[in-house]
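The opening residue of the sequence shown carries number 56 in this note's numbering; numbering runs sequentially from there.
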Amino acid sequence: MSFKGYVIRPFDPWRSRLCTCPPKYSFDPYTGCEHGCLYCYASSYIKDFYNCRPKKDLLKNVRRDLKRIPIDSLISMSNSSDPYTPMEARLRLTRACLKEFVNHRIRLLIITKGVIVLRDIDLLKRLRCAVTMTITTLDKALSKRLEPHAPTPNMRLNALSTLSASDIPVGMRLDPIIPFLNDDRIEELLKEAKNAGVRHIVASTFKPRYDSWRRMADEFPEEMDKLGRLFKMGERIGRSWYLPREFRFKLMKNVAEICKRLGLTFACCREGFPQLHTAKTCDGSHLIG
């Protein structure tokens, strides 16, 4: 079956041999993102990425695609462009899509940094869904440099707490972990996530491509100089550079052990260590009722 022209299409992480995601569909209401995260890899394959814009004929295409995908399909929103980018507060396109989803038997996994998601609790409570929020650090100043237009870490933690209190299952993406920048307060962050109602953690190391490396090196020259020496001992997989395997395993094992102590399930994203996973799914979709 051809999915050319679909806005809801099968998730394909570049046929990565390291991907452990369950079969699912991918959906982005917007092309590009306004959060401006320096480490983002999506800017390497989405033209003019930081100029966020709504997809053409979005709702018409969503209605068409929902009629074509199987009942009980899992839809992941979003894998490249945040569904709660700042302009969503004005355009309300993600909310309009949720209204369409309510009328269909689907399972929905929302991946976001945007606290605008709280506006849509009324619709989320009518869906079989879970929300995973990306938080990379508790340091507000560091977050402002890494993710200049995203909500603060505390705002995101408060959003997770509110969602959880509304009986919407929540997870957290600790993604990416960047040595010399945000790898020193991981346990503190995971404890805060636990207190906010988080039940599952997805972790991943920084996997730069040319453009994300350039942005990070411009903002953090000393740290990236040290990190560059580590990457020289690593490997290239697909279009991304990976830290040395043993170094990555040590980082992921540390997060996994903290999660175990805290009673959180754990998985890593495209690292090659499924033996560390303690959940039925890596992406958090097992949280969906």
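The C-beta atom is built at its ideal place from N, Cα and C for all residues, glycine as well. All figures in this text were calculated on a predicted structure; none of them were measured in a lab.
Task: Under 8 Å between C-beta atoms of His204 and Asp137 - done: Their beta carbons are not under 8 Å apart, which means His204 does not touch Asp137 by this criterion.
TODO: Spell out a yes or no on whether the region 151-166 and the region 297-313 are touching, meaning 3 or more CB-CB pairs, one atom from each, closer than 8 Å.
DONE: no
- [ ] Tell me whether the beta-carbon of Lys110 lies closer than 8 Å to the beta-carbon of Thr86.
- [x] yes
Open item on the list: Is it the case that the region 253-263 contacts the region 220-239, given that we only count it when at least three CB pairs across the two stretches are under 8 Å?
Closed with: yes
TODO: State whether the region 179-193 contacts the region 324-341, with contact taken as three or more CB pairs (one from each stretch) at a distance under 8 Å.
DONE: yes
TODO: Buried or exposed for Leu164, please, with buried defined as at least 16 other CB atoms from any protein chain shown within 10 angstroms of its CB.
DONE: buried
- [ ] Compute the Euclidean distance between the alpha carbons of Leu282 and Met132, then round it to the nearest angstrom.
- [x] 31 Å
Open item on the list: Out of Asn209, Lys122, Ile190 and Arg200, which one is the CA nearest neighbour of Glu274?
Closed with: Arg200
Open item on the list: Comparing C-alpha positions only, which one of Gly169, Leu245, Asn209 and Ile126 sits nearest to Leu319?
Closed with: Considering only alpha carbons, the answer is Leu245.
Task: Minimum Cβ-Cβ distance from Val225 to chain C less than 8 Å - done: The structure shown contains no chain C; it is built from a single protein chain.
Task: Residue burial classification, Pro125 (beta-carbon count within 10 angstroms, cutoff 16) - done: Under this definition Pro125 is an exposed residue.
Task: Bridge partner(s) assigned by DSSP for Ala322 - done: Val257
TODO: Could you pull out every residue in the same chain whose Cβ sits closer than 7 Å to the Cβ of Leu146, ignoring the five residues on either side in sequence?
DONE: Pro109
TODO: Report back the beta-carbon spacing between Ala190 and Arg160 to the nearest angstrom; my notes put them in contact at under 8 Å.
DONE: First, the amino acid is wrong: residue 190 is Ile here, not Ala. In fact, because the Cβ distance is near 31 Å, the residues do not count as touching under 8 Å.
Task: Same chain, Cβ closer than 8 Å to Asp43, neighbours up to 5 away in sequence not counted - done: There is simply no residue 43 to check, as the chain begins at 56 and stops at 344 in what is shown.
TODO: Go through its chain and collect everything with a Cβ distance to Asn134's Cβ below 6 Å, but skip five positions before and after it.
DONE: Correct list, in chain order: Ser81.
Task: Under 8 Å between C-beta atoms of Ser71 and Arg325 - done: yes
TODO: Go ahead and pull the three-state DSSP assignment for Asn283.
DONE: It is worth fixing the name first, because residue 283 is Gly in this sequence and not Asn. Reduced to three states, the DSSP call for Gly283 is helix.
Open item on the list: Let's see if you can read the secondary structure: which residues bound the alpha helix (DSSP H) around Val62?
Closed with: Taken as a continuous stretch (DSSP letters only), Val62 belongs to no alpha helix (DSSP H), as it is neither H nor E.
Task: DSSP state of Phe104 mapped onto helix, strand, coil - done: Note: Phe104 maps to coil in three-state DSSP.
Open item on the list: Please report the distance separating the alpha-carbon of Asp266 from that of Asp280.
Closed with: Answer to the nearest angstrom: the Cα atoms are 16 Å apart.
Task: Beta-carbon proximity list for Arg181, same chain, < 8 Å, skipping 5 on both sides - done: Val157
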